[in-house]
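Following: one structure in structure tokens, then a few remarks.
Protein chains: 2
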Amino acid sequence: MSNKTPMNRRPLSKLLDPKSVAVIGASDDAKRIGGRPLQYLLKGTFSGPVYAVNANRETVQGIPAYKTILDVPGEVDAVIIAVPAAVVIQTVRDCAKKGVGAAVIFTSGFAEQDTQGVEWQSELTQISNKTGIRLLGPNCLGTFNAKTGWLATFTTSIDQYPVRPGPIAIASQSGAFGSHLYTVAAKRGVRCTYWVTTGNEADVELSECIAYYAQSPEVKVIAVYAEGVRNGPGLRDALELAYRNKKPVIFQKVGRSGAGAEAAASHTASLAGSDEIYDALFRQYGVFRVDSIEELLDIALACQAGAMPSGDKIGLLTISGGAGVQMADTAEASGLNVAEMPIEQQKHLKELIPFAGVRNPVDVTAQALNDLTLIKRFMESMMEFGGYDAVVAFFTVVAGSRVISEQLIETLKDIREQYVNAPMILSIVAPDDIVRDYEKAGYTILEDPARAVRAAAALIHFGTSFEKNLAAQAPALPPNVMQAPDKLRGEDECRKILASAGIPMANSELARTAKDAVSIWQGIKVPVALKIVSSDILHKTEIGGVALNLNNANDIENAFNRIIEAGKTHYPDAKIDGVIVSEMITDGVETVLGVINDPIFGPAVMFGLGGVFVEVLSDVTFRLAPFDITEAHRMISEIKGIKMLYGARGAQPSDINSIAEALVKLSVFAHKNAEKISSIDINPFMVKPEGKGAAGVDALIIPNGVEVN
Amino acid sequence: MSNKTPMNRRPLSKLLDPKSVAVIGASDDAKRIGGRPLQYLLKGTFSGPVYAVNANRETVQGIPAYKTILDVPGEVDAVIIAVPAAVVIQTVRDCAKKGVGAAVIFTSGFAEQDTQGVEWQSELTQISNKTGIRLLGPNCLGTFNAKTGWLATFTTSIDQYPVRPGPIAIASQSGAFGSHLYTVAAKRGVRCTYWVTTGNEADVELSECIAYYAQSPEVKVIAVYAEGVRNGPGLRDALELAYRNKKPVIFQKVGRSGAGAEAAASHTASLAGSDEIYDALFRQYGVFRVDSIEELLDIALACQAGAMPSGDKIGLLTISGGAGVQMADTAEASGLNVAEMPIEQQKHLKELIPFAGVRNPVDVTAQALNDLTLIKRFMESMMEFGGYDAVVAFFTVVAGSRVISEQLIETLKDIREQYVNAPMILSIVAPDDIVRDYEKAGYTILEDPARAVRAAAALIHFGTSFEKNLAAQAPALPPNVMQAPDKLRGEDECRKILASAGIPMANSELARTAKDAVSIWQGIKVPVALKIVSSDILHKTEIGGVALNLNNANDIENAFNRIIEAGKTHYPDAKIDGVIVSEMITDGVETVLGVINDPIFGPAVMFGLGGVFVEVLSDVTFRLAPFDITEAHRMISEIKGIKMLYGARGAQPSDINSIAEALVKLSVFAHKNAEKISSIDINPFMVKPEGKGAAGVDALIIPNGVEVN
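Those sequence lines, one after another, are chains U and E. Take 1 as the starting number for the first sequence in our numbering and just add one per residue. Take 1001 as the starting number for the second sequence in our numbering and just add one per residue.
Written as structure tokens, this is what we have:
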């Protein structure tokens, strides 16, 4: 919650990997929330001391009960708090006094409930800040560490599906959803070492858990469920850490839609940043965003096998032509390269099975299952000569029997071991035990062929994105850069400020006399536009305050006088500053650059094509500031109308590099001035043909706290 | 295969519902393809006579074996043929001679293999056409009728998952995929009465099976898998029949992508129509297109319950706020209306559970499962006062135990019975037997909440689309309509032809002299454009052969002379017909109307916005001709840039009705001239503000067989 770190703040390991624990509000009844975790701890594998605290009993579940935590004799790293809301604060104070490192607070009735609860929760935050004790919750379902048996949760899910340590770590804001996620994961053989639900986040928030996972050697894959975070920079840092440690993060962020966002707001006290900003953040750090638990688990399962290739060539093997076509459809829709097999190998494979499909998809036909060595030879050919980065194979129910599964695993053993970096995902319909056998042999099993291909695409997404380099640091601004304004300024001044940051802007100057105007044009020597400057005149075009495409002294002088005259006629009381003379750019593609200062994440830079693209199609993309040139290019390539910049309709390709450079500089400027600005618009930003640059024509900087209609 | 129906062609019921059957090539070994179906028939529920034909044995699997089909004493409705390719033709001839109604040909080695196979297959088609015997396959996995026990297939899937009659019917071109589909369906409790795989389609094709299902009282839901059909009108008729009988068709058509299409072409001998045309067809007849088997089965499962509401208000009930948000996201993305609960009821529900979410999603919190009557009261409120057309509820693992499932079903019994037309889909994690209990009680169970919402959206899609009326017949063309040209004609003539069909075209006339030009303008009295007319001059604009925006006699006369002069200068040998004088339309939105004559489906009409929308974004949509005004409006509403027509950027709304009328007329014209045209372009078709009409400015009709560069 707070960004201030008190001196004595305890490390998160006290919460997630404690050596000694206590349950406060411990119950003899294992069905109650104070009883179930105690039972889990006593009957499970937790090897450190477990204490029970209950003011009204001598013993609980067969162990002695202490009156308060202060009466516990030994050291206590972490406690579970299952007492009524009204006594939680005193309990936490006692814990802090005792020197407890962390408390898991199940109790509800805090910020999610009423103003009294909001007050209590704020007090919890203060205690944590002051004493350094770490708090999970309140109003959460707790946490577990499957490796040590620290099962600090009252969910019944781990009764039904006992915890099994493994490469996955889950962090969820929602308790019920976190529990659902764990259950479905466990049912499908996804093995989790860590599981945390953060509830109201009085202290520990999601990002800190992600950062912990990012540094934990046991964790290979991070799965996150969130409705919205309050500490944007914290999340950004955590995702960057995971990225640098090459740990795939699969993120389900709900609240994309209007209705969803409303539900999120009424469900949690969290203030959600706008959804586009999350997308920007996720793109920046290679996070894979999913829309369903199922997709999350498909990918987690596939990541669990370990291979994440950085090439996008996918090999599709099938025993049914139809399934092959479907997989090819899905692969293309997922941006994968369904590269053809080398012609020589196609001939060779045709000799093995005359009716096989050999291009890719490679269709061995159902007959190959009568002679599995054929499948082996096809796979060898695909891996060695096709050079595929990943393989998805459709074997359906045919490979789902014990007889075939054992033979198939044995037959493909050498290939599986030789190409350890290539994911092999099999679409097989089989009972769970046979699925587990395939998994042990290094395959991922997903029943549906489309889902199998999409999981392969996610692995390739991670592999590819871990290859790219994050900028070591943001580039510096020019030495003579101007500050962002504190008050609303005219477009001329905004243009100058942005130009000082290195963003190319169209030549333009304020002329106070007709002579000024002519001499400004003489300095530029290209066609110019004239526009009246006055904060009192709103509809400049309508009153004749604008003239376009002037390219000789006489016309410019006349236009200047006409414009001033028009201003005086229509707005007799207006204060007229003069007329702006600016370079006309006619041979460019219209784009829009912008910045919005997100309340959660800070400044985000926007890019889009102008005209109908931005106004009708909302074809824009965002990145959190600051970022480097590679990221800027990635950003530009995301817009739907990108063809316009590549040179659509016979036009020359645009100077994309100039856009990228301008975006980077805008991002650095916005980042440095994050406290001052509310938003920036450079619209239009005209992009000329390749090699000829680009220039912003109109600019507006809205300072923080200024309302603009 | 053929459109000609011989006099004595047998009805498809001989194939799908025979009363007496024989297996030719019957084997004693139940593992062989001639043995397995015989075993299915003898040990299953088929009640009619079953004969075995095997030239080399006295008995097969305990019943007498006849030398040939001609030796079988009784009548035979259908046979299974499992003999080598080389003797299939003679076998089929014998069957025809015997008066057999239909043959299921498993044998492969026909058109999918080599030229010999192509010949043989063509002979099979001829025998069928001549004698009327119906042929399924060759190279297919057969068919079954679960109601009668006619199990004419050698797939082992029905060994593993015995057939159970039910409301679903499956038709698949691919055998292996069809078998996979059946297995996964059966595993999930989807009950199929009919299952057909059509293989090479020497005679019976997919569409005929769909038409049969559309008329079969047992069938409530039709599930189809196809790689591409060869008889487009046949498919259209079948889908129309299903539509008129209000039977939902769920269609997986693969080959969307480039790679997919290649694989389809190499897998089957089928000539696929372009994918956009399939989309057009599916939209026209309310078919739900899916991209995966999983989605197909989710929807089939949901359809099986029977309710398909025609309203789009979805109620979301949840025990986890997070899941509620996710469901709301998915619902909005699926185009559903996540309507809020009435305010009064929100207050009322808050009284029942103070911390509940009550807007919609309605979050009863996990506590409600301790007192199921609370869930009942919330559900009552949602159905009675919220008026939702469908409900999706997230209960996860919590409702997956026997204790809770029995109580929940009992508690909600009255509500379930009272709102029988509202689908109720529950997201529950439960063992299969408990899932079956919920299903029996009238619920659809889908584990994943996102998939549950998407299935609800599909039911609403069907309900809504069955409400709309198909045009009883296409509107007539004006009496004086001109014929489509046989040769390539100039734009002026094309314009006149289309105008004669009732499509509004900009006023324009050919002028042979400057005086002509002026008098044409005087007839129109609006600004005009002049353009040189000569089939010898290609780049008219570049040579100065075009002049725009002329609105007085003098300018027009000068422009005419200049244009003719320019033509003569640049193309001294050109035959110049004159100059077209046409009305300029400047206050309109640029759109494009077109027709392509698809080789499979015939003429399809295209609509799109002009400029970047069609050229950069390919923002167009299609419908098969002919269609009525309602369908035209639906079509227009599908384009991504539709906001442009509603009046984007302060513009007035466009005259959408004029577009719709033009599309209908174009569709009727294209349909009537299907034999003559290859394509039509009306580009641009300028649409003026509402009430002011629209007009095509340029037009091109390309006749069949004419090559244009």
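Glycine residues also receive a C-beta, built at the ideal position from the N, C-alpha and C atoms. Owing to the predicted nature of the structure, the values given are computational and were not obtained by experimental measurement.
Starting from residue i, follow its DSSP beta bridges and name the residues at the other end.
i       : result
R623/U  : V605/U
P449/U  : Paired residue(s): none; P449/U is not in a bridge.
K1253/E : A1226/E
H1313/E : His is not the amino acid found at residue 1313/E; the sequence shown has Lys there. Beta-bridge pairing links K1313/E to N1337/E.
A1151/E : Looking at the sequence shown, residue 1151/E is not Ala but Leu. According to DSSP, which records beta bridges pairwise, L1151/E is partnered with F1144/E.
S1534/E : Note: S1534/E sits in no beta bridge, so no partner.
V1687/E : V1589/E and A1694/E
Y1051/E : A1022/E
L16/U   : Beta-bridge pairing links L16/U to no other residue.
Roughly how far, in whole angstroms, is the beta-carbon of residue i from the beta-carbon of residue j, given that I think they are within contact range, below 8 Å?
i       : j       : result
V1249/E : V1287/E : 5 Å
E1491/E : L1700/E : 6 Å
S172/U  : Y225/U  : 4 Å
K1688/E : G1588/E : 5 Å
Q346/U  : R359/U  : 7 Å
G1608/E : T1630/E : So it is not a contact: roughly 20 Å between Cβ atoms.
D619/U  : I639/U  : 5 Å
Please report the distance separating the alpha-carbon of residue i from that of residue j.
i       : j       : result
P710/U  : E1227/E : An answer regarding residue 710/U cannot be provided, because it is not within the stretch 1 to 709 covered by chain U.
R377/U  : A441/U  : 19 Å
N1469/E : P1423/E : 23 Å
T156/U  : A176/U  : 11 Å
T1268/E : G324/U  : With a pLDDT of only 33 at T1268/E, under 50, the local geometry of the prediction cannot be trusted, and the value read off the model is given with reservation. The alpha-carbon atoms of T1268/E and G324/U are separated by roughly 12 Å.
L426/U  : Y438/U  : 9 Å
A85/U   : M505/U  : 59 Å
D1598/E : T1198/E : 23 Å
L1181/E : V229/U  : 42 Å
S1207/E : E1240/E : 11 Å
Q652/U  : E690/U  : 8 Å
P1626/E : E1509/E : 30 Å
R9/U    : A96/U   : 11 Å
M383/U  : M606/U  : 42 Å
A302/U  : V23/U   : 37 Å
A1670/E : L1477/E : 11 Å
G502/U  : N657/U  : 14 Å
N139/U  : A1390/E : 31 Å
S1274/E : F1613/E : 21 Å
Please name the residue, chosen from the options, that lies closest to residue i on a Cα-to-Cα basis.
i       : options                               : result
G1387/E : A1368/E, V1429/E, L1041/E and G1311/E : G1311/E
P37/U   : Q61/U, M341/U, I497/U and A450/U      : Q61/U
C1192/E : A1202/E, E1201/E, D1203/E and S1216/E : S1216/E
E1276/E : D1536/E, L1624/E and S1381/E          : L1624/E
N200/U  : N554/U, G48/U and G142/U              : G142/U
K220/U  : I629/U, A242/U and C209/U             : A242/U
A185/U  : L296/U, T131/U, A146/U and A559/U     : L296/U
L316/U  : G357/U, Y646/U and Q407/U             : G357/U
L1015/E : K1031/E, A1078/E, I1353/E and V1453/E : A1078/E
R1057/E : I1080/E, R1032/E, P1049/E and S1027/E : S1027/E
G232/U  : Y278/U, N245/U, E123/U and A202/U     : Y278/U
Interfacial residues, the region 610–642 of chain U to chain E, with Cβ spacing under 7 Å: V612, E615, V616, L617, K640 and G641
In chain order, what residues of the region 578–595 of chain U put their CB closer than 9 Å to some CB of chain E? none
Just by C-beta distance, which residues in the region 1212–1238 of chain E are closer than 8 Å to chain U? Under the 8 Å Cβ criterion, the region 1212–1238 of chain E contributes Y1225 and E1227.
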